[in-house]
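Chemist:
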Ligand code: ATP
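Residue numbers (our numbering): 39 to 591.
#1: Between the beta-carbon of residue 86 and the beta-carbon of residue 95, is there less than 8 Å?
#2: Compute the minimum distance between the beta carbon of residue 179 and the heavy atoms of the ligand ATP, and state whether it is under 7 Å.
#3: Taking 8 Å as the limit between beta carbons, can you name the residues of its chain near residue 414, skipping five residues before and five after?
#4: To the nearest angstrom, how far is it from the Cα of residue 476 to the Cα of residue 566?
#5: When you measure from the CB of residue 534 to every non-hydrogen atom of the ligand ATP, does any distance come out below 7 Å?
#6: Kindly identify the DSSP beta-bridge partner or partners of residue 531.
#7: Residue 385 by DSSP, collapsed to three states: which one?
#8: Is it true that the stretch 433–452 meets the stretch 249–264, where meeting means three or more beta-carbon pairs spaced less than 8 Å apart?
#9: Give a yes or no on contact between the stretch 266–275 and the stretch 233–245, applying the rule of three or more CB pairs nearer than 8 Å.
#10: Tell me whether residue 445 counts as near the ligand ATP, meaning its Cβ is closer than 7 Å to at least one heavy atom of that ligand.
#11: Under the criterion of a Cβ to heavy atom distance below 7 Å, does residue 412 qualify as lining the ligand ATP?
#12: Enumerated in chain order, which unbroken segments of the alpha helix (DSSP H) with a length of 4 residues or greater are wholly contained in the stretch 183–227?
#13: Nearest-angstrom Cα distance between residue 375 and residue 328?
#14: Considering only heavy atoms of the ligand ATP, does any lie closer than 7 Å to the CB of residue 289?
#15: With a 10 Å radius around its C-beta and 16 neighbouring C-beta atoms as the bar for buried, classify residue 577 as buried or exposed.
#16: DSSP three-state label for residue 587, please.
#17: Whole angstroms are fine: how far does the CA of residue 491 sit from the CA of residue 212?
#18: Measure the alpha-carbon distance for residue 136 versus residue 586 and round it to whole angstroms.
#19: Which word fits residue 377, buried or exposed, when buried means at least 16 other C-beta atoms lie within 10 angstroms of its C-beta?
#20: Using a Cβ-Cβ cutoff of less than 6 Å, which residues in the same chain neighbour residue 354 once the five nearest sequence positions on both sides are dropped?
#21: Could you tell me the alpha carbon to alpha carbon distance between residue 142 and residue 185, rounded to whole angstroms?
#22: When DSSP labels each residue in this structure, what does residue 314 get in the three-state scheme?
#23: Using a 10 Å radius around the Cβ and a threshold of 16 neighbouring Cβ atoms, would you call residue 98 buried or exposed?
#24: Hey, would you say the C-beta of residue 378 is under 7 Å away from at least one heavy atom of the ligand ATP?
#25: Between which two residues does the alpha helix (DSSP H) containing residue 543 stretch?
#26: Would you mind working out which of 582, 493, 501 and 459 sits nearest residue 273, comparing C-alpha positions?
#27: Please name the residue, chosen from 305, 435 and 423, that lies closest to residue 291 on a Cα-to-Cα basis.
#28: Taking 8 Å as the cut-off, decide whether the C-beta atoms of residue 5 and residue 417 are in contact.
#29: First and last residue of the alpha helix (DSSP H) that includes residue 133?
#30: Around the Cβ of residue 239, are there at least 16 other Cβ atoms within 10 angstroms (buried) or fewer (exposed)?
#31: With respect to the beta strand (DSSP E) encompassing residue 447, which residues constitute its N-terminal and C-terminal limits?
#32: If you count every other CB in all the chains shown that lies within 10 Å of the CB of residue 335, and 16 or more means buried, which is it?
#33: Whose C-alpha, out of 333, 407, 422 and 433, is nearest the C-alpha of residue 348?
#34: On the criterion of 16 or more Cβ atoms from any shown chain inside 10 Å, does residue 551 qualify as buried, or is it exposed?
#35: Over the uninterrupted alpha helix (DSSP H) stretch that includes residue 86, give me the two end residues.
#36: Report the three-state DSSP secondary structure of residue 563 (helix, strand or coil).
As structure tokens, then:
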């Protein structure tokens, strides 16, 4: 498929407002995509690789602006692109309005392009760009993007620019793609959903739905080495649990970072974060531990916990010092020791266990892993639950988890079968969308940070502001935060900067109040910085509807 045709069809989707009509247009696009189906599905979601693959394009706004300016000719600079972006707020509209090479060249003379840009070309180039690494890689990335922009017509340029900055913004989310796959290939939505949960690969699932139908979708299996979305928990109490289920499985809630360990005794061992990022290199002791202990292929779910010399838990911040670290891993390993507390088993020795009840998954877990398993009590007695909670808190753990012993493992779902209970005041995980330069001795650092919640309302901006945080941050930490956030600056106005939404802060607060000051309609009283949630993406930040609930509305 030519990329310009893809762009035309995407523009029709973007222009449509009725949900059912959007799904039909997307279904039509899938039905016509032929061999390009997997790529078309991914591009529509703004992705170049399946969700389980942690590869990212790593193209920041500056790089994209430079490539666009170069394609637009000598009269346009990267700053011009940034200025226009500040006016319109949509890189797609800016890109479309620039006369890039393709528009100044053949098309201007009415000639057909003998070598039109195809969807497959875009896929190839962007994949090459994603793997560009090392010295000179930034220049090569600009060259690649320039090459693409140079060959694209205006509408294609619009979607290319949005694609490389991972902001398609066409009103097509994962749910629409799922429904469109079902509609295009006449398979049940549930069958598509189940296959997506297992594979995390929208492109592959679309192909399977088309080529093998419902039976093919039912046949998908987990692959050791490909991460699965983590099952999540809601807050809840022992009463909630015992009202809903005949018995409750109680576990310690460890204050660490979620890890999924994929181990093949004849192959690799890999560790993934809650967001399916590969953190294997940062956590060698988990790799060594599992390699020593497990002799069959497994997928384990658990928590990486930082412990002191006596094996007692250290606070969550200690784990974050180890998580995702690329350098000095050996030295940091001496400073902060990490241990695995495995609490679930998704696959053991050739058998997928997602549909197996928790109590039986736990039997598998204990049989494959002799130590390092989080202790579990199954009970119907509220006093036993209370005793487990007291015990967990006395041992400095975060709280307890209450799970339905008969429930399946539902990847990516924050369902009712896992409840978390922790006593301390809740913190919020919010996206940093802006900042202000400090004053006096802090003038070289960003000092005050603008926080936003994820907007889960059907329309409006992706993030809505809710407050600013400037307290709770040491000078040393401030310098680190500046280093982290400065590359994300999109636009500066006086001392205020707008940031690409990429970093998530955990923030404490006294109260949430209704307030017209911020876009969310709420403001935090006495917000204080707690930590950078390196394990979370903006899509995992707290949502506006959660804020509404917490505010008591
Ligand atoms: P929180 O900030 O409360 O950890 P979260 O948004 O990171 O919340 P939730 O799904 O809401 O994630 O809470 C469950 C998290 O608790 C899991 O992701 C996991 O990291 C952690 N956890 C600790 N111990 C357990 C356990 N025994 N079973 C399941 N999850 C556990």
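C-beta atoms are modelled at their ideal positions from N, C-alpha and C, and glycine is treated no differently.
Modeler: According to the structure data:
#1: yes
#2: no
#3: 287, 288, 289, 381 and 400
#4: 17 Å
#5: no
#6: 534
#7: strand
#8: no
#9: yes
#10: no
#11: yes
#12: 192–202 and 212–223
#13: 16 Å
#14: yes
#15: exposed
#16: helix
#17: 20 Å
#18: 41 Å
#19: buried
#20: 293
#21: For residue 142, the predicted model reports a pLDDT of 49, less than 50, meaning its position is unreliable and no value from the coordinates is stated.
#22: coil
#23: buried
#24: no
#25: No alpha helix (DSSP H) holds residue 543; the beta strand (DSSP E) holding it covers 542–546.
#26: 459
#27: 435
#28: Lying before the first or after the last residue shown, residue 5 is absent from the chain, which here runs from 39 to 591.
#29: 129–135
#30: buried
#31: From DSSP, residue 447 is part of no beta strand (DSSP E); its letter is neither H nor E.
#32: buried
#33: 433
#34: exposed
#35: That residue, residue 86, is in no alpha helix (DSSP H); it is neither H nor E in DSSP.
#36: strand
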